[in-house]
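S.K.: Residue numbers (full-length UniProt numbering): 1 to 332.
Structure below.
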């Protein structure tokens, strides 16, 4: 017997207008994956009002691939090629800025290594009458249900890896994190918390951005499958969870960017040195485990230590300023 999934009620006065949404995609040297994502957008129903492609200075044929979808996409296509690679963090910061300045009410963020389920936008739209920071679910590359760590242990600043995966009849769960592979956020929240911080370059940026959003509004993950990953990643299967492979660049920023989180925590008045230090130690230990069991090497630890050293400089920077709130759009 098939049990119908719960659906939120939504009055006509708050009905979701797909044209009010923008999909913002960040890409870098992965034109084949980007093409697959754009193909999935071509067959979406309904479609968003615009699709924004932020190209992190790709050196492949990304620009020509985007141009080839200009008339096929069936909605406005906005292409921004950055002068240099600013990492995922810089790309998503530019994507949110572009969508905000163009007047989009809803901004749906995603990497280039996913495809959109054809009715994904409609599924997300069902929840917009109740929430302004929403995360949908996604399928993994092999078609399995991808588990995303939607809760963080706030004072330690790390994900809770075994937060319950199931949903009750409400169809949603409160979250205090975020993931740029599917974050669906309203411009009102963006206006209050500012743009994603490009200084992260990669890693922790979306968790922090989602955490900031959860301090302004009720943020939720909903029981709606809206994306599918299109790239296989080497993993270590731990039974109930898995751990992905990484890289030396990631290892550096994983540890370095703990200091950026610390600065934000200080600004929010939630920084507790001992607990945050435990979170940093656990992060370091997790990366050692990743090296041993996923990548089966001990090489790479120097990048963890280098990240910690660079982070100490950021921690001591008393001139650090968080991303500022945005100016509200002027009425026309």
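Even glycine gets a Cβ: it sits at the ideal position worked out from N, Cα and C. Please read these numbers as outputs of a predicted model, since none were measured by experiment.
Do the CB positions of residue 255 and residue 276 come within less than 8 Å of each other?
M.R.: Locating residue 255 in the chain shown gives position 255, where the first residue counts as 1. Locating residue 276 in the chain shown gives position 276, where the first residue counts as 1. No, the pair does not count as a contact, with Cβ atoms beyond the cut-off.
S.K.: Give, in chain order, every unbroken run of the beta strand (DSSP E) that is at least 3 residues long and sits entirely within the segment 124 to 158.
M.R.: If we require 3 residues or more, the beta strand (DSSP E) runs fully inside the segment 124 to 158 come out as 133 to 139.
S.K.: Have a look at the DSSP bridge pairing and note the partners of residue 111.
M.R.: For the purposes of this step, residue 111 is taken as the residue at position 111 of the chain shown. Answer is 26, bridged to residue 111.
S.K.: List the whole-angstrom C-beta distance separating residue 163 from residue 185, where the pair is believed to meet the contact cut-off of C-beta under 8 Å.
M.R.: In the chain shown, the residue the question calls residue 163 occupies position 163. In the chain shown, the residue the question calls residue 185 occupies position 185. About 21 Å; that fails the 8 Å criterion.
S.K.: Anyone know if the C-beta pair for residue 34 and residue 78 falls short of 8 Å?
M.R.: Residue 34 sits at position 34 when you count from the first residue of the chain shown. Residue 78 sits at position 78 when you count from the first residue of the chain shown. In this structure, residue 78 does not lie closer than 8 Å to residue 34 by Cβ.
S.K.: Residues in its own chain within less than 6 Å of residue 128 by CB, not counting five upstream and five downstream?
M.R.: Here residue 128 refers to the residue found at position 128 when the chain shown is read from its first residue. For residue 128, where only same-chain residues beyond five positions count, the Cβ hits under 6 Å are 16.
S.K.: Could you check where the alpha helix (DSSP H) with residue 291 kicks off and where it finishes?
M.R.: By 1-based counting over the chain shown, the position of residue 291 is 291. 273 to 293 is the span of the alpha helix (DSSP H), which, as asked, contains residue 291.
S.K.: Does the Cβ of residue 111 have 16 or more other Cβ atoms within 10 Å, making it buried, or fewer, making it exposed?
M.R.: As a working mapping, residue 111 is identified with position 111 in the chain shown. That one is buried.
S.K.: Tell me whether residue 313 sits in a helix, a strand or coil according to DSSP, three-state version.
M.R.: The sequence position of residue 313 within the chain shown is 313, counting from 1. Correct three-state label for residue 313: helix.
S.K.: Give the straight-line distance between the Cα atoms of residue 301 and residue 25, rounded to the nearest whole angstrom.
M.R.: On the chain shown, position 301 is the one that residue 301 refers to. On the chain shown, position 25 is the one that residue 25 refers to. Approximately 32 Å between the Cα atoms of the pair.
S.K.: Decide if residue 178 is buried, meaning its Cβ has at least 16 other Cβ atoms within 10 Å, or exposed.
M.R.: Translated into positions along the chain shown, residue 178 becomes position 178. Label assigned to residue 178: buried.
S.K.: Would you mind reading off the limits of the alpha helix (DSSP H) that contains residue 193?
M.R.: In the chain shown, residue 193 corresponds to position 193, counting from 1. Segment 187 to 193, the alpha helix (DSSP H) holding residue 193.
S.K.: Considering Cα atoms alone, identify which of 196, 304, 233 and 142 is closest to residue 107.
M.R.: Position 107 of the chain shown, counting from 1, holds the residue named residue 107. The option with the nearest alpha carbon to residue 107 is 196.
S.K.: Report the CB separation of residue 115 from residue 230 in whole angstroms; it is logged as a contact under 8 Å.
M.R.: Along the chain shown, one-based indexing puts residue 115 at 115. Along the chain shown, one-based indexing puts residue 230 at 230. Confirmed, Cβ separation roughly 5 Å.
S.K.: Are the beta-carbon atoms belonging to residue 221 and residue 175 less than 8 Å from one another?
M.R.: Translated into the one-based positions of the chain shown, residue 221 becomes position 221. Translated into the one-based positions of the chain shown, residue 175 becomes position 175. It is a contact, given that the beta carbons lie within the stated cut-off.
S.K.: Put residue 16 into one of helix, strand or coil per three-state DSSP.
M.R.: Within the chain shown, the letter at position 16 stands for residue 16. Of the three classes helix, strand and coil, the one that applies to residue 16 here is coil, per DSSP.
S.K.: Where does the unbroken alpha helix (DSSP H) through residue 41 begin, and where does it stop?
M.R.: Residue mapping note: residue 41 aligns to position 41 of the chain shown, counting from 1. That run of the alpha helix (DSSP H) goes 31 to 42.
S.K.: Can you check DSSP and say which residues form a bridge with residue 53?
M.R.: Taking the chain shown and counting its residues from 1, one reaches residue 53 at position 53. DSSP lists 25 and 79 as partners of residue 53.
S.K.: Work out the CA separation of residue 324 and residue 161 for me, nearest whole Å.
M.R.: Residue numbering aside, residue 161 sits at position 161 when the chain shown is read from its first letter. Residue numbering aside, residue 324 sits at position 324 when the chain shown is read from its first letter. Between residue 161 and residue 324, the C-alpha separation is close to 31 Å.
S.K.: What are the boundary residues of the alpha helix (DSSP H) that includes residue 326?
M.R.: Position 326 of the chain shown, counted from the start, is the residue given in the question as residue 326. Note, residue 326: premise wrong, no alpha helix (DSSP H); not H, not E.
S.K.: Would you call residue 292 buried or exposed, if buried means 16 or more other Cβ atoms sit within 10 Å of its Cβ?
M.R.: Position 292 of the chain shown holds residue 292. Exposed, since its Cβ has fewer than 16 Cβ neighbours within 10 Å.
S.K.: What did DSSP end up calling residue 320 once you bin it into helix, strand or coil?
M.R.: In the chain shown, residue 320 corresponds to position 320, counting from 1. Of the three classes helix, strand and coil, the one that applies to residue 320 here is coil, per DSSP.
S.K.: Tell me where the alpha helix (DSSP H) around residue 260 begins and ends.
M.R.: Counted from its first residue, the chain shown places residue 260 at position 260. 258 to 268 is the extent of the alpha helix (DSSP H) around residue 260.
S.K.: Between which two residues does the beta strand (DSSP E) containing residue 219 stretch?
M.R.: Taking the chain shown and counting its residues from 1, one reaches residue 219 at position 219. Looking at the DSSP string, the run of the beta strand (DSSP E) that includes residue 219 is 219 to 229.
S.K.: Going straight from the alpha carbon of residue 38 to that of residue 318, what length do you get?
M.R.: Position 38 of the chain shown holds residue 38. Position 318 of the chain shown holds residue 318. So the two alpha carbons sit approximately 43 Å from each other.
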